[in-house]
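Visitor: Note that the numbering used here has the sequence shown beginning at 3, numbered continuously upward.
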Amino acid sequence: MVFENYALYPHKSVYDNIANSLRLRKTEKSVIDQKVKRAAKLLEIDGLLDRKPMELSGGQKQRVAIGRAIVREPKLFLFDEPIAHLDAKLRAHMRGELKLLQRELGTTMIYVTHDQLEALSMADRIAVMHEGVLQQLDTPQNVYNNPVNEWVAGFVGEPPMNFIDCNILNRGGKLFVEHANFLVPLAQKQASLLLQSRAMGKIRVGVRPDEIAISAKPGDKSIPGKILVTEPLGGDMLVDMTIGEHKLMVKTKPDFRGAMGEECHIKFDTDHWHLFDMDSGKAYF
Numbered sequence: 003m004v005f006e007n008y009a010l011y012p013h014k015s016v017y018d019n020i021a022n023s024l025r026l027r028k029t030e031k032s033v034i035d036q037k038v039k040r041a042a043k044l045l046e047i048d049g050l051l052d053r054k055p056m057e058l059s060g061g062q063k064q065r066v067a068i069g070r071a072i073v074r075e076p077k078l079f080l081f082d083e084p085i086a087h088l089d090a091k092l093r094a095h096m097r098g099e100l101k102l103l104q105r106e107l108g109t110t111m112i113y114v115t116h117d118q119l120e121a122l123s124m125a126d127r128i129a130v131m132h133e134g135v136l137q138q139l140d141t142p143q144n145v146y147n148n149p150v151n152e153w154v155a156g157f158v159g160e161p162p163m164n165f166i167d168c169n170i171l172n173r174g175g176k177l178f179v180e181h182a183n184f185l186v187p188l189a190q191k192q193a194s195l196l197l198q199s200r201a202m203g204k205i206r207v208g209v210r211p212d213e214i215a216i217s218a219k220p221g222d223k224s225i226p227g228k229i230l231v232t233e234p235l236g237g238d239m240l241v242d243m244t245i246g247e248h249k250l251m252v253k254t255k256p257d258f259r260g261a262m263g264e265e266c267h268i269k270f271d272t273d274h275w276h277l278f279d280m281d282s283g284k285a286y287f
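#1: Whose C-beta lies closer than 8 Å to the C-beta of Asp89 among residues of the same chain, with five residues either side of it excluded?
#2: Would you call Gly134 buried or exposed, if buried means 16 or more other Cβ atoms sit within 10 Å of its Cβ?
#3: How long is the line joining the alpha carbons of Arg105 and Phe184, rounded to whole angstroms?
#4: How long is the line joining the alpha carbons of Gly159 and Glu30, rounded to whole angstroms?
#5: Ignore the nearest five residues each way along the sequence and tell me which others in Leu122's own chain have a CB closer than 6 Å to its CB.
#6: Pull up the DSSP beta-bridge partners for Ala285, would you.
#7: Between which two residues does the alpha helix (DSSP H) holding Arg53 run?
#8: Using a Cβ-Cβ cut-off of 6 Å (strictly less than) and excluding sequence neighbours within five positions of Leu188, which residues of its own chain qualify?
#9: If you pair each beta-carbon of the segment 208 to 220 with each one of the segment 262 to 273, do three or more pairs fall below 8 Å?
#10: Name the two residues that bound the continuous alpha helix (DSSP H) containing Met96.
#11: Output the distance between the C-alpha atoms of Val231 and Asn164, rounded to the nearest integer angstrom.
#12: What is the DSSP secondary structure of Ile2, reduced to helix, strand or coil?
#13: Quick one: what does DSSP say Phe5 is sitting in, helix, strand or coil?
#14: Classify Thr110: buried if its beta carbon has 16 or more other beta carbons within 10 angstroms, exposed otherwise.
#15: Nearest CA to the CA of Met131: which residue from Asn147, Met124, Ala155, Gly108?
#16: Shorter than 8 Å from the beta carbon of Ser23 to some beta carbon of chain D?
#17: Rounding to the nearest angstrom, what Cα-Cα distance links Met239 and Lys91 in this structure?
#18: Where does Gly236 land, buried or exposed, given buried means 16+ other C-beta within 10 angstroms?
#19: Starting from Tyr113, follow the beta strand (DSSP E) in both directions and report where the run begins and ends.
#20: For Leu78, write down the residues that DSSP places opposite it in a beta bridge.
#21: Taking the continuous alpha helix (DSSP H) assigned at Val347, which residues delimit it?
#22: Per DSSP, Arg173 forms a beta bridge with which residues?
#23: Just how far apart, CA to CA, sit Val4 and Val66?
#24: Who are the near neighbours of Tyr113 in its chain, counting only those whose CB is closer than 6 Å to its CB and skipping five residues on each side?
#25: Closer than 6 Å by C-beta to Leu250: which residues in its own chain qualify, once you throw out the five before and the five after it? Chain order, please.
#26: If you compare alpha carbons, which of Gly283, Gln138, Leu103 is closest to Ile68?
#27: With a 10 Å radius around its C-beta and 16 neighbouring C-beta atoms as the bar for buried, classify Gln64 as buried or exposed.
#28: How far does the beta strand (DSSP E) with Leu45 in it extend, from its first residue to its last?
#29: Taking Asp117 as the reference, give the member of Glu152, Phe157, Leu107 with the closest Cα.
#30: In three-state DSSP terms, what is Leu136?
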């Protein structure tokens, strides 16, 4: 197991910390030396073996903690938020390092994290938990693109998914999503799924910020709104806006021109809509 707080012995060297469990097992000295040096080389800390933990950076301490686990050659690694204490840049680096390490060792790793970016970028499969209950067990792609319920949809994804309370209308066999400020037809496949589920009346629509197109000028069938604030993120721009009384977040290109209080116009990518039951939160699609 690799802990969040490293759990290293402060009075022992890096070498002795890694070797500790093997010495307790009465492993031969030559075998200990071979395993410690091999693990240290794999983790790129072979030049730090004589140092004490207080002389190491956070990332180096975490590598020592991982090395201590590697030398035992376990069938399963348990990681308890192992990079939570690191700064953002080092966390990003360590995500890649841990993923590469898993591929090289070929050992199953169960990795606990509250950081969805870590889960999406590192995992082969994700188990999404909420209040002790398993919500969804799936690939990262399916958890993101096909969440089973509203909670998973709102939790996974940054910035988070927008939710809009709407009504489903049936007009001559064609289904529409109705809101106080827009009326949008559903695609035939979406309509068929709703009809099979007998989902009529109130419904909650989920749409991710990057699946909304925004412009300062009106377009064909665009929906008018008002800009609350813009948040430049370098390669992207987040726009907080309102449609009537409802707030939405839109993720767009950094060259978007719009200022606080100005009118804007949006279009939904209805092919990527998510519809949820108002009571249970269960996803229809």
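From the three backbone atoms N, C-alpha and C, an ideal C-beta is built for every residue, glycine too.
Guide: Checking against the coordinates, here is how it stands:
#1: Reading the sequence shown from its first residue, position 87 is the one you call residue 89. Around Asp89: Gly60.
#2: As a position in the sequence shown, residue 134 is number 132, starting the count at 1. So Gly134 counts as exposed.
#3: Numbered from 1 along the sequence shown, position 103 holds the residue referred to as residue 105. Numbered from 1 along the sequence shown, position 182 holds the residue referred to as residue 184. Whole-angstrom Cα-Cα distance: 49 Å.
#4: Here residue 159 refers to the residue found at position 157 when the sequence shown is read from its first residue. Here residue 30 refers to the residue found at position 28 when the sequence shown is read from its first residue. Looking at the two C-alpha atoms, the distance is approximately 49 Å.
#5: On the sequence shown, position 120 is the one that residue 122 refers to. The answer, listed in chain order, is Pro142.
#6: Residue mapping note: residue 285 aligns to position 283 of the sequence shown, counting from 1. Per DSSP, Phe278.
#7: Walking along the sequence shown from the start, residue 53 turns up at place 51. Per DSSP, Arg53 belongs to no alpha helix (DSSP H) and is neither H nor E.
#8: Translated into positions along the sequence shown, residue 188 becomes position 186. The answer, listed in chain order, is Leu177.
#9: With a cut-off of 8 Å, the segment 262 to 273 and the segment 208 to 220 count as touching, because enough Cβ pairs lie within range.
#10: Sequence index remark: in the sequence shown, residue 96 carries index 94 (1-based). Taken as a continuous stretch (DSSP letters only), the alpha helix (DSSP H) holding Met96 covers 90 to 107.
#11: Residue 231 sits at position 229 when you count from the first residue of the sequence shown. Residue 164 sits at position 162 when you count from the first residue of the sequence shown. Approximately 16 Å, taken between the alpha carbons.
#12: The requested residue 2 is not part of the displayed model; the chain covers only 3 to 287.
#13: Taking the sequence shown and counting its residues from 1, the one referred to as residue 5 is at position 3. Of the three classes helix, strand and coil, the one that applies to Phe5 here is coil, per DSSP.
#14: Position 108 of the sequence shown, counting from 1, holds the residue named residue 110. That one is exposed.
#15: Counting from one through the sequence shown, the residue named residue 131 turns up at place 129. Nearest option by C-alpha distance: Ala155.
#16: Protein chains in the displayed structure number just one, and chain D is not present.
#17: Along the sequence shown, one-based indexing puts residue 239 at 237. Along the sequence shown, one-based indexing puts residue 91 at 89. Roughly 21 Å separates the two Cα atoms.
#18: Locating residue 236 in the sequence shown gives position 234, counting from the first residue. By the neighbour-count rule (16 or more Cβ atoms within 10 Å), Gly236 is not buried but exposed.
#19: Stepping through the sequence shown from its first residue, residue 113 is reached at position 111. That run of the beta strand (DSSP E) goes 110 to 114.
#20: Locating residue 78 in the sequence shown gives position 76, counting from the first residue. Bridge partners of Leu78: Thr110.
#21: Nothing about residue 347 can be read from this structure; the chain reaches only from 3 to 287.
#22: By one-based count along the sequence shown, residue 173 stands at place 171. Paired residues: Lys176.
#23: In the sequence shown, the residue the question calls residue 4 occupies position 2. In the sequence shown, the residue the question calls residue 66 occupies position 64. Counting only the Cα atoms, Val66 lies some 10 Å from Val4.
#24: On the sequence shown, residue 113 is found 111 positions in, with the first residue counted as 1. Contacts found: Phe81.
#25: Along the sequence shown, read from residue 1 onward, the residue named residue 250 stands at position 248. Asn164, Met243, listed in sequence order.
#26: Counted from its first residue, the sequence shown places residue 68 at position 66. Cα-wise, what sits closest to Ile68 is Leu103.
#27: Within the sequence shown, numbered from 1, the residue matching residue 64 stands at position 62. Label assigned to Gln64: buried.
#28: Here residue 45 refers to the residue found at position 43 when the sequence shown is read from its first residue. Segment: none, Leu45 is in no beta strand (DSSP E) and carries neither H nor E.
#29: By 1-based counting over the sequence shown, the position of residue 117 is 115. When each option's Cα is compared against that of Asp117, the closest is Phe157.
#30: Here residue 136 refers to the residue found at position 134 when the sequence shown is read from its first residue. In the structure shown, Leu136 sits in a strand (DSSP, three-state: E or B).
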